[in-house]
Every structure is written in structure tokens, then in C-alpha cells.
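Encoded as C-alpha cells, the structure appears first; notes follow it.
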Ligand SMILES: Nc1ncnc2c1ncn2[C@@H]1O[C@H](COP(=O)(O)OP(=O)(O)OP(=O)(O)O)[C@@H](O)[C@H]1O
């Protein structure tokens with residue numbers, strides 16, 4: 001019986017590889033922001049990417065999503081290299097992200113911001129859209145329904161018609177997540193989504209991230225707050241000075257002397 005139990009646990013724990021970061025090096029002049037970093041992201045997990053300031057976390061996101069070109073190494077999504085592809089092509093492949101500094105269309109409504117994300121996947125050509133061909137009309141109707149459903153999912157449906165810039169900071173962060181989800185990503189990359197939140201807001205956001213995972217998405221999460229990251233992730237990759245320091249389950253990371261040493265002296269309140 002015990003054997004069957006552990007087999008079942010194993011079947012749940014081991015997802016197939018969705019993303020492979022392979023020997024990734026990114027150099028800015030002489031500085032290696034990332035130095036030969038490799039790790040995998042398994043389908044259905046929440047992977048935390050942590051490390052002190054300047055460790056290379058955002059650089060890693062930027063390389064994964066086509067903002068930076070790897071100096072050497074590669075990133076594979078379902079075995080397909082993202083190399084040489086533009087950001088919107090990588091989005092279409094299934095990699096979506098939010099930014100450390102919120103980037104919304106401030107003058108557009110919350111709903112419109114999400115519909116833009118949905119549009120990234122539409123097949124309607126621009127001339128077709130201008131002539132309001134039947135398929136476009138159909139897509140628009142379903143875009144609004146789906147956009148509303150996404151706003152509801154992240155908990156801000158009541159603000160659908162408000163301009164993005166008029167939303168509270170917390171709602172803007174949630175809207176960014178809804179917009180990223182609108183692209184129906186295989187991997188959702190969240191860059192410090194709880195930055196600037198109070199502890200209660202952070203808890204709420206972590207609950208949302210868990211729900212996103214439970215809906216079947218795979219999540220890569222950059223987060224400074226160790227306590228928070230320990231509570232929400234299935235596995236954690238630790239970067240320090242551009243190198244991978246550790247890659248393990250949260251309990252092992254928490255007790256890893258190298259990780260503890262890397263965080264010593266890190267001020268608590270530098271996350272925002
Ligand atoms: N475009 C760039 N040009 C030059 N140097 C850069 C660039 N982007 C990042 N760096 C440098 O690369 C290193 C890693 O930066 P990165 O932003 O990836 O770290 P991080 O782990 O995300 O840090 P933080 O927690 O402060 O956001 C830093 O030394 C940074 O100054």
C-alpha cells in the first residue's frame with residue numbers, strides 16, 4: 001500500500017518538461033548578467049526564480065521572451081527554440097509575461113487592455129478587421145465575453161469599463177495578469193507581481209497564482225519575498241551573480257546554507 005501511495009505522489013510531482021533553459025549566457029559588455037544557466041520548467045508547476053538584487057532574474061525573463069538575445073545558449077518551449085524570434089512571435093508560441101514596472105495602456109479601459117491580449121491570437125487580418133468581416137464580428141463578441149471572464153477570474157470585473165490608469169495599483173497588477181492570460185499562454189512569467197503590496201494583498205495575490213496553476217497553467221515567478229515564494233512555489237531556482245546556485249523544492253532551499261548566505265545582508269524592504 002505504501003508503495004502505491006508513493007508512486008501516486010511521484011506521478012503528481014513529475015510533470016513533463018515544458019521549457020528548457022539551456023546553458024544560457026547573456027553578456028552586457030564585459031559583464032555576464034547570466035553565466036551558463038540551465039534549468040527546466042515542468043508543465044503544471046509554479047517555479048520560483050529568486051536571488052539577490054542584480055542576480056539575473058529579469059535578464060533571464062528577457063532572454064526567454066525575446067527582449068534580449070542570448071550571447072550563448074538557448075531557451076526551448078516544448079522543444080522549439082525561441083532563438084531569432086521576435087517578442088510577439090514568442091508570445092504566440094505560448095510565452096506570456098508581466099513586467100516589474102506595470103505596462104498597461106493607461107487610456108484604454110481594463111476590458112480593452114485584456115481584449116488586446118486576446119487579439120494577439122486572432123487570425124483576422126487587418127483589412128478583414130477594418131471591413132468588419134463576419135469572422136471579426138464573431139471574434140469581437142467572444143473577445144468581450146472572454147475578456148470579462150478573465151477580469152472576473154482575477155477579481156476586477158467591476159472595473160471593466162474604468163480606464164487602466166484610474167485603477168488602484170493592486171488592480172493594475174491583476175489586470176496585467178489578466179492581459180497575459182488572454183494570450184492563453186503555455187507559460188506565464190510573472191516579474192515581481194506582488195512588489196509594493198502589503199502582506200494581506202500579497203497573500204491574496206499568491207492565492208490567485210495558485211488558482212492560475214490549478215487551472216492548468218504553468219507559472220514562472222520572480223519574487224523577492226522569501227516567505228511568500230516558499231509558500232506558493234512547487235520548486236525554486238536560485239540565482240546569484242548570474243549563476244545558478246540551487247534548484248530544489250522550497251523546504252530544501254530554505255535550509256540550504258548557500259542560499260541563506262546569499263541572502264544575508266539583503267535588506268527586507270528593497271523589493272519595491
Ligand atoms: N540592458 C542592460 N544593460 C546593461 N546591464 C544590464 C542590462 N540589464 C541588466 N543588466 C545588468 O545585469 C545584471 C542582472 O540584472 P537583472 O535585472 O537581471 O537582475 P535581477 O536579479 O532581476 O535584479 P532585481 O532583483 O534588482 O530586479 C545587473 O548587474 C544589471 O545591472
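Residue numbers (full-length UniProt numbering): 1 to 272. Don't be surprised by glycine CBs; every beta carbon is placed ideally from N, CA and C.
Exposed or buried, residue 127, counting other C-beta atoms within 10 Å across all chains shown (16 or more means buried)?
Along the chain shown, one-based indexing puts residue 127 at 127. Because residue 127 sits at a pLDDT of 46, beneath the cut-off of 50, its placement in the model cannot be relied upon, and the point is left open.
Mind listing, in chain order, the continuous beta strand (DSSP E) runs of no fewer than 3 residues lying wholly within the region 11-49?
As far as the region 11-49 is concerned, its whole beta strand (DSSP E) runs of at least 3 residues are 17-28 and 31-42.
Based on DSSP bridge pairs, tell me the residues matched to residue 218.
Your numbering for residue 218 matches position 218 in the chain shown. 187.
Whose CB is closer than 5 Å to a heavy atom of ligand 1? List the residues in chain order.
One residue after another in chain order, those with a Cβ under 5 Å from a heavy atom of ligand 1 are 28, 33, 53, 54, 55, 56, 57, 58 and 59.
Note down the Cα distance separating residue 16 from residue 80, rounded to an integer number of angstroms.
Position 16 of the chain shown, counted from the first residue, corresponds to residue 16. Position 80 of the chain shown, counted from the first residue, corresponds to residue 80. CA-to-CA, the gap between residue 16 and residue 80 works out to about 15 Å.
Spatial distance of residue 104 from residue 180 (CA atoms):
Stepping through the chain shown from its first residue, residue 104 is reached at position 104. Stepping through the chain shown from its first residue, residue 180 is reached at position 180. Per the coordinates, the alpha-carbon of residue 104 lies some 11 Å from the alpha-carbon of residue 180.
Considering only their Cβ atoms, is the gap separating residue 111 from residue 148 smaller than 8 Å?
For the purposes of this step, residue 148 is identified with residue 148 of the chain shown, where counting begins at 1. For the purposes of this step, residue 111 is identified with residue 111 of the chain shown, where counting begins at 1. Closer than 8 Å, so yes.
Coil, strand or helix - residue 151 by DSSP:
For the purposes of this step, residue 151 is taken as residue 151 along the chain shown, with counting starting at 1. Looking at residue 151 - three-state DSSP - the assignment turns out to be helix.
Beta carbon of residue 23, beta carbon of residue 73: below 8 Å?
The residue labelled residue 23 in the question sits at position 23 within the chain shown. The residue labelled residue 73 in the question sits at position 73 within the chain shown. In this structure, residue 23 places its C-beta atom within 8 Å of the C-beta atom of residue 73.
Given 8 Å, three or more beta-carbon pairs between the region 186-205 and the region 89-96
With the cut-off at 8 Å, the region 186-205 and the region 89-96 touch.
Over what stretch of residues does the beta strand (DSSP E) that includes residue 161 continue unbroken?
Translated into positions along the chain shown, residue 161 becomes position 161. Boundaries cannot be given for residue 161, as no beta strand (DSSP E) includes it and DSSP labels it neither H nor E.
Classify residue 116 as helix, strand or coil using the three-state DSSP reduction.
Here residue 116 refers to the residue found at position 116 of the chain shown. Judged by DSSP in its simplified three-state form, residue 116 adopts helix.
Selection from 30, 50, 175 and 108 that minimises the alpha carbon distance to residue 102
One-based indexing of the chain shown puts residue 102 at position 102. Of the candidates 30, 50, 175 and 108, the one whose C-alpha sits nearest the C-alpha of residue 102 is 175.
Given residue 247, which residues of its chain have a CB within under 8 Å of its CB, disregarding the five upstream and five downstream residues?
The sequence position of residue 247 within the chain shown is 247, counting from 1. Closer than 8 Å at Cβ, skipping near neighbours: 39, 235, 236, 237 and 238.
Give me whichever residues DSSP pairs with residue 109 in a beta bridge.
For the purposes of this step, residue 109 is identified with residue 109 of the chain shown, where counting begins at 1. DSSP, once it has assigned bridges, lists 163 as partnering residue 109.
Whole-angstrom distance between residue 18 and residue 253, CA atom to CA atom:
As a position in the chain shown, residue 253 is number 253, starting the count at 1. As a position in the chain shown, residue 18 is number 18, starting the count at 1. C-alpha separation (whole angstroms): 22 Å.
Would the beta-carbon of residue 193 fall within 8 Å of that of residue 173?
To locate residue 193, count along the chain shown from 1; it is residue 193. To locate residue 173, count along the chain shown from 1; it is residue 173. Closer than 8 Å, so yes.
Could you name the residues that DSSP lists as bridge partners for residue 251?
For the purposes of this step, residue 251 is taken as residue 251 along the chain shown, with counting starting at 1. Bridge partners of residue 251: none, in fact.
What do you get for residue 198, buried or exposed, if any count of 16 or more other CB atoms within 10 angstroms of its CB means buried?
Indexing the chain shown from 1 puts residue 198 at position 198. Residue burial is scored here from C-beta neighbours: residue 198 has fewer than 16 other C-beta atoms within 10 angstroms and is therefore classed as exposed.
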